[in-house]
Every structure is written in structure tokens, then in C-alpha cells.
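Everything on this sheet refers to the single structure shown next.
Protein chains: 2
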Amino acid sequence: MNAEILAVGTELLMGQIANTNAQYISKRMNDIGINIYFHSVVGDNPARLKDSLDIALKRSDAVIMTGGLGPTQDDLTKETVAQIMGRKLVLHEESLEKIKGFFQRINRPMAQNNVKQAYLPEDSIIIPNNNGTAPGCIIENGGKVIIMLPGPPSEMRPMLEDTVIPYFESKSPYKLVSKYIRIFGIGESSMEEKIIDLIEKQTNPTIAPYAKEGEVTLRVTARYEKDKENDDLITPVIEEIKSRLGDTVYSLENKNLEEVVGELLINKNVSISFAESCTGGLVSSKLTNIAGISQVFNRSVVSYSNQAKMENLGVKKETLEKFGAVSKETAVEMAAGIRNAADTDIGVSITGIAGPGGGTDEKPVGLVYIALADKSGVRHKELRLWGNRERIRNVTCLHVFDMIRRWVLGNGEELN
Amino acid sequence: MNAEILAVGTELLMGQIANTNAQYISKRMNDIGINIYFHSVVGDNPARLKDSLDIALKRSDAVIMTGGLGPTQDDLTKETVAQIMGRKLVLHEESLEKIKGFFQRINRPMAQNNVKQAYLPEDSIIIPNNNGTAPGCIIENGGKVIIMLPGPPSEMRPMLEDTVIPYFESKSPYKLVSKYIRIFGIGESSMEEKIIDLIEKQTNPTIAPYAKEGEVTLRVTARYEKDKENDDLITPVIEEIKSRLGDTVYSLENKNLEEVVGELLINKNVSISFAESCTGGLVSSKLTNIAGISQVFNRSVVSYSNQAKMENLGVKKETLEKFGAVSKETAVEMAAGIRNAADTDIGVSITGIAGPGGGTDEKPVGLVYIALADKSGVRHKELRLWGNRERIRNVTCLHVFDMIRRWVLGNGEELN
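First to last, the protein sequences are chains V and D.
Numbering-wise (numbering that gives the first Met the number 0), the first sequence opens with residue 0 and increments by one.
Numbering-wise (numbering that gives the first Met the number 0), the second sequence opens with residue 0 and increments by one.
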């Protein structure tokens, strides 16, 4: 079965938000063996929505729609689809009660226009919404399926997981299994040269490389007939790739570098603290995305001012004066200082010039020093990064997490 | 002129990345009066790419393509487009030199497959890439325009700005001007009820509301004949809306709440420090996205451990024992403590339960206390948020920035 995703929302076409729903749905559909061949976005315009839906229904078995189910005047998805499919919108009492209950729970009055959200196409499967007001629905018609989901991701995702995935799972004849090899510390071209023969002879599984900001991922995808999933066509291919790419491979489970590091720290019980300057808390905020990190993460000091570097981290005034805030020497003292203050196994520091201002010939934008202190000393690394402020901060985070990962792996024996 | 965006990349259809390029390009095209009516995404598959391009060329004057210009085997955009348009790919020497220069600059060897990137369709306008290896191009054909840009945003964006925008700007007969009214502290439905009469009688400008995580935006869009931009159809509408929504309006320039707050702090020269617990550095990392913030941002302490709360912030042991780390009392002491330690005009604290674990009946997931200390005391606010860890952390940031914004506005007289 193949499906496509059709998002409705002028705000997407105006560039107010990115279509992260398409990303999420695609990933989950692929997980259950449903090919997504197209994404489309169309505005809150009935004529163009109708045209887009016609195109989609011609080339795909299922169309998963998001957006346009809100309470406002320009939310027209249901109305348009119902018209195309020749179905009436009827009041779904149970959904109306849920909507009323939602407003009671969040302790706000229900606006009159929310009632519109309880009108759904007749003879459809209702998709309950436990995190918002707009229910969704599944319409089966002439061998095709149209699914309507609301736009807000916090509502859409649970509805997809709880109702849509189980709906599809029972219908798919194949299973598509993808594994992701996540790589840091080697460019896309250099990596491809090391495995080009594997890519060229691929049939099943297939291998596809792609580059993201500062890192590379390989997707290895095998397609199985149902009940033949245990054949495992993937593992031998992954083992071969791993043997060629060595320790630049950091995850075989499609985890982010920060997730990998967070889990390593938790599993090995390595306590950690940070002293961040140019990243401004970004390293800490990424690591604290990981539930349970409070077991090992003690504190961070975001020491933007020199005063903070001296007071909270014990960086020497002379060091700042002689070498500057962005220097190997300051990074080393910051790392040792935060480790000491927080009394953690390791202390990690970052200082650099994220730009756009603040660069000089000697210390250009993109110059960053990172350091890691443990009980036996401090190691450091100089980075020379390119790109804008956002990229420099993000890529710095990758290097920081890579440094921590390598430290934990290198000290694994001792720690266990 | 109307245009659409066609992204090429199986990684988009597999859900590995979101199509943020479509967002960026849409916003910029709308800024210069070019309507974007559709986004599409298709995989690295020549047949489906051809079909998608056919559909796009039928309904749009211009098709802006992103992705598939990389050095690897599955990057096929140029080859497919050239074939459809009946054009040869020819080596563009200048681009080859630029690619070689790029690798020299980043001090890495050039892989042989990068040469492929210098082959471009004959008779096209080359779009130089100063931040990566793949040049883009503009092909004019039978009254239609196809534009090809690389996928990485850090390469695509400057190419759009430097070559594509100027290319279009000279061709558009209209100018579409959009203003965004950004609102925090009122729900979408309640807001719409206050301005429904304005929305219903809209023609030019049009008014469209939409909700994002925790906040609401109104887009007001006017369409002008060229050289009639000074008519200003927008200001009277915005003034009317503002008078109805009061101080929940935080920006008329489509800035994020953190940008508004960052600029307020810088302009009013209000020094600030943070003590973050459940947000784990996210508030600081958002504020330090703003260039120049180092003028007023002194430091943050991400005090995950109670030890850090006591040592760095002077929170009393008794307070933690009696009321707990997540309490009004702890938040107040954290705010006063960081203000005192950093010697800043204001100190802001956050402590709460972001989940998924750690909640109790008395203190459920989503309970967050925020506080702001100034020279005359500490104010605080209790939040009861819903959603997952990510949403709770993000919406907390909005409340924190709103609290700071209101403080700065309320103390404006005194500060100037």
C-alpha cells in the first residue's frame, strides 16, 4: 500500500510554520511498511484543495490529511472533503461531549464556534482527540482511504499512534524495516567513497546516505513479506558498513548524538556538569531533553560574563587578560572549574565566537574551544566552524557530545 | 506570478528531516509578492519526479526545487530536469573552481564525485554557492521558470537571498505585504470572538488567525499594484485589532517573544540572569540566539541538583526540605539568589515538573513556578501546563519571556 500526506494550511504556504507533521507521519508510516511517495501542502482554499485531493487520490491508495479542522472560519478541510465524497456532515454527540469536557479540564469557557468541530462526515470512523478539541476521521470510499487529522502536533501525534497506525497495520501485506546508521566526524563524500561498492550493488536492502548539519546518516531498508521479518537481511549489511566506518558510527538505533550520550552517562553513572559560553545553555538544554538525565546531570553555568567565569568557575583573571575569554587556556580552566564546583566525574566547557559579530583576524567567527576535565586532567579541542550563529552553535554541540561519548567509551572499563 | 516549491529527497519522505526549506522560501516569496499555492515533496526517483514536475509546471508559473544536487549516486534532480527540458548537462568551469576552492578553504580533500556538481544544464543562469559545493541554476523555458537549489539550508538560504529573490523581484507586477500580529496569553477561539466582525468583512487586506504551541498569530495581508505600496491599507486594520486585544499583543513585526524580550532588554539596558531547573538551559539558549545579548545577559545557572540550588543560588536547605524543589518558595529564592549572585537588574527563575516522570497528585507533571526578582522584591507565577516534556518546556519559556516583557514595559518610565 502506498500513501501520501496532504497538509492543509495557508500558514504553511506563508512560511509561518514548517510541516513537521509530514515528517512525523512519514516516519511512522514507513515503520509499518507503508510507502510514502509524496507530500503536498495546499492552502485553506476549497478549489485548490479539491484539485490536490484529486491528484492524490489518483496516484495513492491512502491520503493522510492534516490541518484545517480548527474552530475558525478558514478551517475548511472537512467541509471540502465531505463535499467531494458526497457525504453530509453530521453532529457527533460523543465528540461534542469530549470537546465540552476538554474545556472543563483546562478550566476555560468553550467558545461557540468549537461546536463546528463536532460535525463529522457521515459513515466515517471517528478518531478521538484526547489532547485538543478537533476529532479526526477515516473515510473509506471506492478502495481509497482518506484520513483527516488536526494540525497541532501535540494532538495529531497521539491520534496517529492510537487510531491510525492500528488501522493501517492490519491492512498492509508487507513490512518495510529501516535501520539508521548515524555517523559523526566524516563528510558525506568521504564516507560514500568508503562504501560505494555496497551502495552500487544494493537491491534489498537498499542503502541511502544523506547529510544533515554537521553529520551523516545512512538508511538501510529491507522489505519483507509479512511473517518473513525474521529473515534479517539488514544485520550483515550494517556489520559490513560499521567495520569500514569504525568509531565514527555513533548509533544504530537512529538516536541523536545527545540521546546516545545521555543514555551512556545514565547507564555508566557518570555525573556531569557544564560551563557554557558561546552555546548559551544549548548543550544543557539538549541534554536535559532526555528524561531521567537528572540522575547524572548536576548543573551548568552559562558564563557569558567574565565575572561569571571567575566567580562560578574559578577562571583566573590573568588567564582571561592574557589569553582572552575565547582561548584554549580559558576553556581548560572552565572545565576544571565546573567539575570542581559541582563535584562531578567530568566537567565540560565551551567557549567560542558564534558570530555574527565579535570575530577578529586572529580569532575569527567560528573559532570554538571545548574541553573536558576528569580526575586525571583536562583534554581540549580547537574547532574552526563555518556558517551562521545557529549553525556554529549547533555543530559545536555535536562536537561536545562526541567528545563526551569518546571519553565515556574510552573509560568504559574503569567505570564498570 | 504564482510559484510552488518542489523538494526532492527520499529523506523527507522517510521522515528523517522536516521540509524547513519550504517554510523559508515561502516566507521570502510572499514577502516579495509571489503567491505560493503548493508545496510538494517527492523522492529521489526520476519517474515520480518527472510526474511531479509536470503537475507543477501545469499549475504554476515558477517551480522552485530544492535538494538532489549532492555529490552522491541518488542525487538526480539536475539529470531529471535536464532530460525533461531537453537540455544537456555541461561542465561549468567556474563552478568547478569554486568547488575546489571550497575544499581548500575547509582544508579537506575533494572527493572525485564532487566534480558531478559542476555539471549544469546548458543555457541556464548559474546560482553561485558560497557556503557549500552544489551550485544551483535558473532555467527559463516557454514562459515557465524552474529554479534548482541545494537542500542544506545553510547553502540554500544565501543563494535564495543573493540570486533568486533579485531575479523574481524585477518580474513581479504586484506587491503583497503581510504584517503579523503576535499574541500571547489568549486562546485562538476567544481571540477570534473578539475580532470576528473584522475577519468576516475582510477583502483587502485579509485577516487570518492561526495557533502555534501556546500562542496565536494574526496575519494581515494587503495586495498592492506596484508603486502603490504607500497606500497603506494595513495600519488602520492593525490599530483596530490592537485596540481590541490590548497588551496580549507582543509584536507587530513578526518577532518571536524571545526576540522582542532580547531587544527590550538591550534597548533599556536591563541586565539579567537566570536560574533554570526544569527548562535545563532552554530559556538561556533561546535568549542567547539573539546577537548582541551579551551586553545585558550576565549568566545562568542550570541548577538541576539541590546542591547547585543551595551553592550557586543560596536557596535555603529548609526551604527545599519544607516546600520541595518545585514550589513557589524555592522559585522565589532562586530568582533572588541568582540576581544577587550575578548582581543584575533582574533575576529570573524556573522550577517545575516537565515529565514524563516525577509527577504526584499534589504536584503533577506540568506544574511550574516562575519568578522574577528586582530591587524591590520578587513576583512569581504558578503555571499548570499540559502536554509532553517538550511542550511543557517550550510553553514555560513563553511564560518566562512574557513575564520579563511585562516587567520591562511596566518599569519603562523608571528605566529611561
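Backbone N, C-alpha and C define an ideal beta-carbon position, used for all residues, glycine too.
What you are looking at is a predicted structure, and each value in this text was computed from that prediction instead of being measured.
Step through the CB atoms of chain D and report whether any lies within less than 9 Å of the CB of residue i.
i: V/Met109; result: yes
i: V/Thr71; result: yes
i: V/Asp43; result: yes
i: V/Ala133; result: no
i: V/Thr247; result: no
i: V/Ile54; result: yes
i: V/Ala290; result: yes
i: V/Glu275; result: yes
At least one CB of chain V closer than 9 Å to the CB of residue i: is that the case?
i: D/Lys200; result: no
i: D/Thr395; result: no
i: D/Arg86; result: no
i: D/Ile33; result: no
i: D/Phe400; result: no
i: D/Phe167; result: no
i: D/Met0; result: no
i: D/Arg404; result: no
i: D/Ala81; result: no
i: D/Arg58; result: yes
My output table needs one value for residue i: the three-state DSSP class, helix, strand or coil.
i: V/Asp373; result: strand
i: V/Ala207; result: strand
i: D/Gly346; result: strand
i: V/Asn253; result: coil
i: V/Ala2; result: strand
i: V/Cys136; result: strand
i: V/Arg405; result: helix
i: D/Lys225; result: coil
i: V/Val114; result: helix
i: V/Ser177; result: strand
i: D/Thr216; result: strand
i: D/Ser299; result: strand
i: D/Ser293; result: helix
i: D/Glu168; result: helix
i: D/Asn415; result: Bear in mind that a pLDDT of 46 at D/Asn415, under 50, signals an unreliable position, so the model cannot answer this.
i: D/Thr65; result: strand
i: D/Leu424; result: Since the first and last residues shown for chain D are 0 and 415, residue 424 of chain D lies out of range.
i: V/His379; result: strand
Using the beta-carbon of each residue, which ones in chain D are nearer than 7 Å to residue i?
i: V/Tyr209; result: Glu10 and Gln15
i: V/Tyr23; result: Gly14
i: V/Ser293; result: Tyr303
i: V/Phe296; result: Tyr303
i: V/Asn29; result: Met13 and Gly14
Count the other C-beta atoms from every protein chain shown that fall within 10 angstroms of the C-beta of residue i, then say buried if there are 16 or more, exposed otherwise.
i: D/Leu75; result: buried
i: D/Pro421; result: The structure shown has nothing for residue 421 of chain D, since chain D only spans 0 to 415.
i: D/Pro355; result: exposed
i: D/Leu408; result: exposed
i: V/Glu425; result: Chain V is shown from 0 up to 415; residue 425 of chain V falls before or after that span and cannot be answered.
i: D/Ile146; result: buried
i: D/Asp344; result: buried
i: D/Ser189; result: exposed
i: V/Ala55; result: buried
i: D/Gln103; result: exposed
i: V/Ile352; result: buried
i: D/Pro127; result: exposed
i: V/Asn268; result: exposed
i: D/Ile459; result: Residue coverage of chain D in this structure runs from 0 to 415, which leaves residue 459 of chain D outside it and unanswerable.
i: V/Gly141; result: exposed
List the residues of chain V whose Cβ lies closer than 8 Å to the Cβ of residue i, in chain order.
i: D/Gly26; result: Just to set this straight, residue 26 of chain D is Lys in the shown sequence, not Gly. Going along chain V in sequence order, the residues near D/Lys26 (Cβ under 8 Å) are Met13, Gly14 and Gln15.
i: D/Leu281; result: Gly280, Ser284 and Thr287
i: D/Gly386; result: Asn130 and Ser153
Chain D partners of residue i, CB-CB under 8 Å?
i: V/Phe37; result: Leu12, Ser39, Val40, Val41, Arg47 and Ser51
i: V/Asn18; result: Ala17, Asn18, Ala21, Gln22 and His38
Just to make sure I have the definition right: I need the residues of chain V whose C-beta is within less than 7 Å of the C-beta of residue i. Which are they?
i: D/Arg390; result: Ser153
- Task: Please name the residues in the stretch 349 to 369 of chain D whose beta-carbon is closer than 7 Å to at least one beta-carbon of chain V, in chain order.
- Result: Pro355 and Gly356
- Message: Against chain D, which members of the stretch 169 to 197 of chain V pass a CB distance test of less than 9 Å?
- Response: Ser177, Tyr179, Gly186, Glu187, Ser188, Ser189, Glu191, Glu192 and Ile195
- Message: Beta carbons nearer than 9 Å to chain V: which residues of the stretch 318 to 346 of chain D have them?
- Response: Ala340, Ala341 and Asp342
- Taking only beta carbons into account, state which residues of the stretch 91 to 118 of chain V come closer than 9 Å to chain D, listed in chain order. Arg104, Ile105, Asn106, Arg107, Pro108, Met109, Ala110, Gln111, Asn112 and Asn113
- Could you name the residues of the stretch 298 to 316 of chain V whose beta carbon sits closer than 8 Å to any beta carbon of chain D, in the order they occur along the chain? Arg298, Ser299, Val300, Val301, Ser302, Tyr303, Ser304, Gln306, Ala307, Glu310 and Asn311
- Quick one: which residues of the stretch 213 to 239 of chain V get their C-beta closer than 9 Å to a C-beta of chain D? List them in chain order. Thr216, Arg218 and Thr220
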